[in-house]
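To start, the structure itself, in structure tokens.
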Amino acid sequence: MSDALDVQNITVAYQESTVLENADFSVPQGKLVGIVGPNGAGKSTLLKAVLDLVPKLHGRAVFFGEELKKVRSRIGYVPQRGEVDWDFPTSALDVVTMGRYGHVGLFRRPRKHDKEKAYECLKELGMEQYAKRQIRELSGGQQQRVFLARAMAQDASLYIMDEPFAGVDAKTERAIILLMQKWKQENKTIIVVHHDLQTAQEYFDWMILLNKHVVAQGPTEEVFTKEKLQETYGGQLAFLESSSSEKAGNPS
Amino acid sequence: MIQDWLSLLGSPNLRWVLLGTMFLGMASGIVGSFVLLRKESLVGEAMSHAALPGVCLGFLVAGRELPALMTGAAVFGLISLWGIRVIHRHSKLKQDTAIGLILSVFFGLGIVLLTMITNSPAGNKSGLDSYIFGQAASMVPSDVWMMSSIAILVTAAALLFFKEWKLVIFDPLFAGGLGWKTKTLNSVLSLSIVLIVTAGIQAVGIILMSALIITPAIAARYWTDRLGVMVILASVIGAFSGVTGTLISAVDGGIPTGPVVVLTATVIFFLSFLFAPKRGKLAQVLAHRQFRRRWKKQQALKALGSVPGTAASKYESWQKALGAKNNEAKKLWNWLKKNRYFM
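Below, the structure written as structure tokens:
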């Protein structure tokens with residue numbers, strides 16, 4: 003079985019500095035993967051580079067042994083919540099229906115069963131009573147659940163999520179974890195950029211430690227060690243350990 | 080006045096012009112909705128100002144032929160768009176700075192060219208200055224035909240790209256993740272703005288054309304939280320403004336069309352701003368007032384509970400607990416009494 007994602011020597015530079023250097027790792031299918039590293043480690047950039055959303059200086063990404071173009075419909079991407087305009091005139095159900103756009107195709111309208119599918123996904127995340135709500139009127143956690151429902155509506159086999167836990171309430175955090183575990187049982191692969199070291203070990207069974215380059219990769223029990231974290235975070239780790247109790251669950 | 084209008088409506092040319100400006104306003108409102116949501120209201124402004132030197136050059140090359148003037152406007156609209164992008168990308172300047180720069184430079188160039196033309200013997204009767212503020216009634220059938228075709232084309236593009244523009248504007252990263260060509264989709268929208276600005280230069284005028292794009296969309300946004308409804312409302316408001324502007328300026332030939340169109344649209348915006356449900360100012364003020372009243376009543380009840388004794392004689396200790404002034408306290412006390420919270 004080919005790897006869900008094989009990243010080969012990806013380097014990304016903005017203007018005159020590299021944000022990602024020779025990132026090289028692979029993710030087997032059916033894993034729940036955390037990409038962990040300090041601020042500015044290039045975690046979000048890595049996701050964007052892999053999905054061709056930012057230009058790469060060098061390197062490539064292979065999905066299920068194929069080029070990205072051929073497997074787009076099998077990949078679901080959940081961008082950071084802060085990157086969209088929540089004042090946009092649209093409803094929760096409408097946003098989830100956007101998850102069907104890849105199946106609907108260009109220049110066609112979503113059909114009835116696309117809307118039904120979207121509604122089911124909202125329901126699965128306990129959001130059905132908010133279906134008609136304008137998205138600005140939702141709380142941060144509810145907005146994140148809408149994003150998750152949209153990913154669900156995509157029916158992908160690989161999910162790539164950028165900080166889904168950032169600034170959400172406990173209920174939403176639990177809902178996200180449950181959904182990810184359900185996906186894993188369906189042998190889907192989930193790759194998550196994550197900020198909170200406290201919960202990382204508990205959530206993920208596979209981990210990639212990143213600080214501009216890949217420091218370590220593999221099963222969590224092998225990777226999540228003090229030495230390797232020290233190497234990833236450098237001097238920041240001591241600070242993280244002492245202050246994490248107050249920062250837990252509230253990564254910026 | 081009414082007789083003037085009735086006799087005007089009898090004129091077949093004006094009827095065509097009205098139909099044309101209706102299409103123009105409709106397409107402007109539709110495109111404007113997307114432009115507003117893309118937070119590029121000022122780009123249309125820059126584009127329309129940049130069209131002036133284009134119109135002048137078109138005149139110098141081919142004389143007062145609408146196709147030539149339109150081509151000039153479109154070319155300069157595109158140049159201004161490209162200029163804004165280049166400045167924004169290759170310098171540390173923000174987009175609004177780049178827009179300000181491009182807008183003023185091109186408009187300056189336009190005024191220089193315009194003055195040269197109007198001072199020349201061939202140019203002083205050119206009527207080119209009517210392109211600045213628009214004169215819809217001066218349009219001949221072929222002009223109307225051209226304007227309407229462009230407006231209908233742009234409307235068709237918006238219908239075709241509705242779902243695509245929506246997602247690209249709302250969540251460009253997700254759209255990119257689907258493999259959509261987000262740059263191309265954005266360019267088609269930008270091109271639509273150029274086209275509609277170009278179409279409107281004769282009827283509404285260069286300077287105020289951008290207002291016909293943005294104002295109906297802003298007004299429409301107040302009434303709805305759904306993009307489809309917003310686009311339809313904006314198109315109706317745009318069409319109404321276009322037709323009204325044309326009619327009023329046709330009655331009094333001295334008033335250019337553009338300003339009347341913009342004033343009409345702005346009146347509708349202002350009414351929306353005041354009276355729209357939920358988002359409108361009045362609705363918000365009323366909602367807040369209601370909330371304040373409810374909150375005060377709750378406080379009054381709480382204070383009543385905190386004061387020992389049951390008789391109406393405890394007014395003073397109650398007022399002290401509530402911390403309200405005499406007038407207000409009396410009102411709340413009467414409310415408590417009326418609702419039999421105490422005997």
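From first to last, the protein sequence lines are chains W and R. Numbering-wise, my numbering comes out as the position in the first sequence, counting from 1, plus 2. Numbering-wise, my numbering comes out as the position in the second sequence, counting from 1, plus 79. For glycine and all other residues, C-beta sits at the position ideal for the given N, C-alpha and C.
DSSP lists 28(W), 64(W) as the bridge partner or partners of residue 8(W). Neighbours of residue 103(W) in chain R, taken as residues whose beta carbon is under 7 Å from its own, are 242, 246, 257 in chain order. Below 8 Å, too few C-beta pairs join the segment 94 to 111 of chain W and the segment 48 to 61 of chain W to call them touching: fewer than three. Identification of chain W residues near residue 303(R) by a Cβ-Cβ cut-off of 7 Å yields 91, ordered along the chain.
The beta carbon of residue 85(W) sits closer than 9 Å to some beta carbon of chain R.
For residue 101(R), the enclosing alpha helix (DSSP H) starts and ends at 91 to 116. In this structure, residue 201(R) and residue 96(R) do not form a Cβ contact; the two beta carbons are roughly 27 Å apart against a cut-off of 8 Å. Taking C-alpha positions only, residue 129(W) is separated from residue 91(W) by approximately 19 Å.
Inclusion of residue 250(R) and residue 163(W) in the CB contact set at 9 Å is not warranted, their separation being larger than that value. If you draw a straight line from the Cα of residue 102(R) to the Cα of residue 120(W), it comes to about 36 Å. Using a Cβ-Cβ cut-off of 9 Å, residue 249(R) counts as an interface residue toward chain W, since at least one Cβ of chain W sits closer than that to its own.
One alpha carbon belongs to residue 89(W), the other to residue 160(R), and they sit about 26 Å apart.
Beta-bridge partners assigned by DSSP to residue 136(W): 93(W). Excluding sequence positions up to five before and after residue 323(R), its CB lies within less than 6 Å of the CB of 343, all in the same chain and listed in chain order. Only residues of its own chain outside the window of five on either side were considered, and among them 94, 95, 124 have a CB closer than 6 Å to the CB of residue 133(W), listed in chain order. Per DSSP, reduced to three states, the secondary structure at residue 221(W) is strand.
Contact annotation: residue 48(W) and residue 212(W) have beta-carbon atoms nearer than 9 Å. Distance from the Cα of residue 52(W) is smallest, within the candidate group 154(W), 137(W), 207(W), 193(W), for 193(W). Legend: CB atoms of the segment 69 to 84 of chain W lying less than 9 Å from CB atoms of chain R belong to residues 70, 71, 74, 75, 77, 78, 79, 80, 81, 82. Contact between residue 320(R) and residue 295(R) holds, with the beta-carbon distance rounding to 6 Å and staying under 8 Å. Around the beta-carbon of residue 312(R), 16 or more other beta-carbon atoms lie within 10 Å, marking it buried. Secondary structure note for residue 213(W): its beta strand (DSSP E) is the uninterrupted segment 208 to 213. Residue state for residue 310(R) is assigned as helix, using DSSP reduced to three classes. Residues of the same chain with a CB within less than 7 Å of the CB of residue 50(W), apart from the 5 flanking positions on each side, are 56 in chain order.
Between residue 119(R) and residue 182(R), the CB-CB gap reaches or exceeds 9 Å.
Counted as a single uninterrupted DSSP element, the beta strand (DSSP E) harbouring residue 162(W) occupies residues 160 to 164.
The Cβ atoms of residue 340(R) and residue 325(R) sit closer than 9 Å to each other. In the assembly as shown, residue 374(R) is an exposed residue. Its beta-carbon has fewer than 16 other beta-carbons within 10 Å.
Its chain contains 151 as the residues whose beta carbon lies nearer than 6 Å to that of residue 136(R), once the 5 sequence neighbours on both sides are disregarded; these appear in chain order. From the beta-carbon of residue 31(W), no residue of chain R is found nearer than 8 Å; the closest lies around 20 Å away. Listed along the chain, the chain W residues whose CB falls inside 9 Å of the CB of residue 300(R) are 91. Rounded to whole angstroms, the Cβ separation of residue 150(W) and residue 166(W) is 7 Å, and the two are in contact under 8 Å. A direct Cα-Cα distance of roughly 47 Å separates residue 314(R) from residue 12(W). Scanning chain W for C-beta atoms nearer than 7 Å to the C-beta of residue 239(R) yields 109, reported in chain order. Under a 10 Å Cβ-count criterion, residue 172(W) is classified as exposed, with fewer than 16 other Cβ atoms of the shown protein chains found around its own Cβ.
Chain W places no beta carbon closer than 9 Å to that of residue 126(R), leaving this residue out of the contacts.
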